[in-house]
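Residue numbers (the numbering used here), protein chains in the order written: chain A, 214 to 343; chain B, 214 to 343.
From the three backbone atoms N, C-alpha and C, an ideal C-beta is built for every residue, glycine too.
What follows is a single structure, written as structure tokens, with notes after it.
Number of protein chains: 2
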Amino acid sequence: MARLTPGELEVMQVLWKESPLKPAEIEARLPRPIGNAALRSVLRVLLNKGHVKRAKQGKAYFYRPTQPAHSSFRQMAQKLADVFFGGSSLDLIAGLIKSEKLSDEDIRKLQDIVRTRNDPAEAHPPGEKS
Amino acid sequence: MARLTPGELEVMQVLWKESPLKPAEIEARLPRPIGNAALRSVLRVLLNKGHVKRAKQGKAYFYRPTQPAHSSFRQMAQKLADVFFGGSSLDLIAGLIKSEKLSDEDIRKLQDIVRTRNDPAEAHPPGEKS
DNA sequence: AAAAAAGTGTGGAAAAATCCACACTTCGTC
DNA sequence: GACGAAGTGTGGATTTTTCCACACTTTTTT
């Protein structure tokens, strides 16, 4: 499944948040102005590339992603790891922790996430805020 | 400074690892075949966009990035956070920790990284393996 | 100094991405 | 059934990306 161009990604971002949607609805949710016809051209390409599918309901087609956001996320994260960290996901995560601005609260949350990484069922202490 | 296309990114990836390099050297380090003239066209664009600069030495131009890898990395990471996590770097990191395959050893390393996040001078216990 | 080797400059072809105009179709409603 | 509103299909125009051919320049070698 071919790579997403910037314009295609904008549309997928909308559909991953909410779908199915018809063209006019997608257009209304895009953060920048684009014509209805231009948007439908992007959708046509996304359809050809297999990134979305559509179903007619009434007189309009409703579009939805064929793959969940998660799947594209992993693919793009892998690309980032490839380019900047020789493909190592661990180094990517480490690089982010070191370079992104994180509050003390964020650090605490991260510690918790890492700690429970291999035991998702781990219960949080009762009475905790988050 | 304009966005990097996929082809441009391939070249930048080489230059971030090692620079300055002349076109033939870059070409030799690219993972896929590309003609010398094609590569130089990409370099021309990168030059116009301001992503690389060059200096003549002997009869060849040597190219180097104008910005360190780190700066592009942060930009691309931010984009990823925008698309999939509403712009939250913390959620991006959390998402990676949850979705990437990490060994127990990796988890230990991560714990260490997070723990020393706000105190990079923190000394590791002597005699430690890593 | 001539030839060969190594590089460069540049115009533009080919394909992909982005955008739009315009004709046609479908649905509701008077 | 005729009309208007909402939607679709589609053929490009335009720009960007990717790639290459070819002529020219610079350096090295004989």
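Could you pull the DSSP bridge partners for residue i from this structure?
i         : result
Leu234(B) : Tyr276(B)
Val265(A) : Pro278(A)
Start and end of the alpha helix (DSSP H) containing residue i?
i         : result
Ala251(A) : 249-262
Between the Cα of residue i and the Cα atoms of the options, which residue gives the shortest distance?
i         : options                                    : result
Glu231(A) : Arg287(A), Val258(A), Tyr276(A), Asp304(A) : Tyr276(A)
Leu259(B) : Ala273(B), Leu222(B), Met289(B), Lys269(B) : Leu222(B)
Ala307(A) : Val327(A), Gln280(A), Tyr274(A)            : Val327(A)
Arg287(A) : Val296(B), Arg330(B), Leu252(B)            : Val296(B)
Glu313(A) : Ser316(B), Tyr274(B), Pro281(B), Leu303(B) : Leu303(B)
Pro244(B) : Gly220(B), Lys269(B), Pro278(B)            : Gly220(B)
Leu252(B) : Ser285(B), Leu323(B), Val224(B)            : Val224(B)
Gln270(B) : Asp319(B), Thr218(B), Ser254(B), Lys235(B) : Lys235(B)
Trp229(B) : Arg321(B), Asn331(B), Pro281(B)            : Pro281(B)
Ala215(B) : Ile247(B), His264(B), Pro246(B), Gly299(B) : His264(B)
Pro233(A) : Met289(A), Pro246(A), Lys292(A), Leu256(A) : Leu256(A)
Glu318(B) : Asn331(A), Glu318(A), Leu323(A)            : Asn331(A)
Helix, strand or coil, according to DSSP, for residue i in the structure here?
i         : result
Ala241(A) : helix
Pro246(A) : coil
Met225(A) : helix
Ser343(A) : With a pLDDT of 45 at Ser343(A), under the threshold of 50, the modelled position of that residue is not reliable, and the figure given next carries that caveat. Here Ser343(A) sits in coil by DSSP.
**Request:** Mind listing, in chain order, the continuous beta strand (DSSP E) runs of no fewer than 3 residues lying wholly within the segment 268-330 of chain B?
**Result:** 273-278
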